[in-house]
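First comes the structure, then the notes that go with it.
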Amino acid sequence: MEAQPREVMICPRCGQPISYIERQRRGNQVYYYAVHYLGYERGPDDRIHKKVKRCYLGPEAYIEVSKLHADLGLTLKGLIEEGRERDYMEALVRSVRDRIRGGRLTAEGARELAAVLSRFSEELKELARELNEYASGGCRPGCP
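Here's what the structure looks like:
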C-alpha cells in the first residue's frame, strides 16, 4: 500500500504552508496558532535553535462576542474551524424562520429581508456553480 500524500494546510493569515497547529490554553479559553518551521539558527550562546514563526488563528470559540449575536443563533468561530461559512449561513436561515414563526419580525423588516434574499438568490446560484466547477477540478479562481 502506497503512502498517501498529506494535504498541505495553508495559513489563512500569511498564505504560507503550515508546519503544524499549536493549541494553547489560557484560563478557560483555547487559542490556536499556525506554526511555520523556518529552519535552524545559531544563537548568541552558540547553540542551535529551531526558528519558527507563529500566526494567530483565533480562539476555539468567540464566547463573549457570540453572546452579542445569540439572537441570530450565531456562534462565531476561529479561523481553525472548517465549515464555518456553512454554519453561519444555516444559522441565519434558522434565525429568520424563527423570527417569522415567532412573530418577531416587522412587516418592513420582512420586506427588507425579502428584497435582500431576492438579490442574493442569483448570486448564490452562480456561486454554487463556481463551487461545483472548483470541486470537480475545472475552472480555478481568475479564469472566466
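Numbering (the working numbering), first residue to last: 14 to 157. For each residue, glycine too, the CB sits at the ideal point set by N, CA and C. Treat the numbers as computed from the prediction; the structure is a model and nothing was measured.
Member of the options whose CA lies at the smallest distance from the CA of residue i
i	options	result
Leu85	Arg142, Leu105, Tyr53	Leu105
Asn41	Leu144, Lys66, Ile76	Ile76
Val109	Gly28, Gln29, Gly122	Gly122
Cys24	Gln37, Cys68, Leu51, Arg36	Cys68
Arg1	Leu144, Glu146, Ala83, Met22	Look at the range of the chain in this structure, 14 to 157, and you will see that residue 1 is not part of it.
Beta-carbon spacing of residue i, residue j below 8 Å
i	j	result
Ile34	Ile93	yes
Gly56	His62	yes
Tyr101	Leu87	yes
Tyr53	Lys66	no
Lys90	Arg99	no
Identified DSSP bridge partners for residue i
i	result
Ile23	Pro30
>> For the stretch 40–57 against the stretch 67–81, do three or more pairs of beta-carbon atoms, one drawn from each stretch, fall closer than 8 Å, so that the two count as touching?
In response: yes
>> Runs of 4 residues minimum, wholly inside the stretch 52–104: which ones carry the alpha helix (DSSP H) assignment?
In response: 76–81
>> Just to confirm the assignment: which complete alpha helix (DSSP H) runs, minimum length 4, are found wholly within the stretch 105–152?
In response: 120–148
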